[in-house]
Amino acid sequence: PDGQGLVIIPGSRGDYSWLVKPVVSEESLFSLAHGAGRKWMRTECKDRLSAKFTPRQLCRTGMGSRVICRDRQLIYEEAPQAYKSIDSVVDCLADAGLITPVACLRPVLTLKTSGEKSA
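Here it is, written out as structure tokens:
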């Protein structure tokens with residue numbers, strides 16, 4: 004961050020994202036966390052979640068938002084349960100004096116794709 008505006012710190016598809024004002028700091032190497040961060044490796048997700056949730060169930064979040072994802076593996080890899088709480092990340096950054104939280108944003112629709120073009 005260069006101190007010239009607001010920054011989004013994204014949460015998972017089942018958590019909030021935050022709009023924050025960075026505090027320019029050489030101590031932090033002029034950088035911030037870029038998201039919530041994973042709790043689980045991608046390879047663990049389907050084994051941990053497939054007995055509890057169908058892909059269809061994972062297309063709605065606990066917040067009521069909708070998820071569009073045609074890749075059955077990716078829907079598990081990117082499940083909200085695989086990520087840390089964004090609030091703990093934002094709280095830590097605010098407590099360290101690196102940001103000023105401005106707004107909390109609730110997801111409405113999330114599109115998940117591997118980014119590869121299909122033939």
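Going from the sequence shown to the working numbering is simple: count from 1 and add 3.
Each residue gets a CB set at the ideal place from its N, CA and C atoms; glycine is no exception.
All of these numbers come straight from a predicted model, not from anything done at the bench.
The beta carbon of Q84 is closer than 7 Å to those of L52 in its chain, skipping five residues each way along the sequence. In this structure, P13 is the residue among L9, P13 and G8 with its C-alpha nearest to the C-alpha of V92. Around the Cβ of R16, a 10 Å sphere holds 16 or more other Cβ atoms; the residue is buried. Counted as a single uninterrupted DSSP element, the stretch harbouring S91 is not any beta strand (DSSP E) but the alpha helix (DSSP H) occupying residues I89 to D98. Around the beta carbon of E30, fewer than 16 other beta carbons lie within 10 angstroms, which makes this residue exposed. Checking the DSSP bridge columns, you'll see I78 has no partner listed. Residue burial annotation: D18 is buried, with at least 16 other C-beta atoms found within 10 angstroms of its C-beta. The closest CA to that of T46, considering only V70, A39, Q76 and Q60, is found on Q76.
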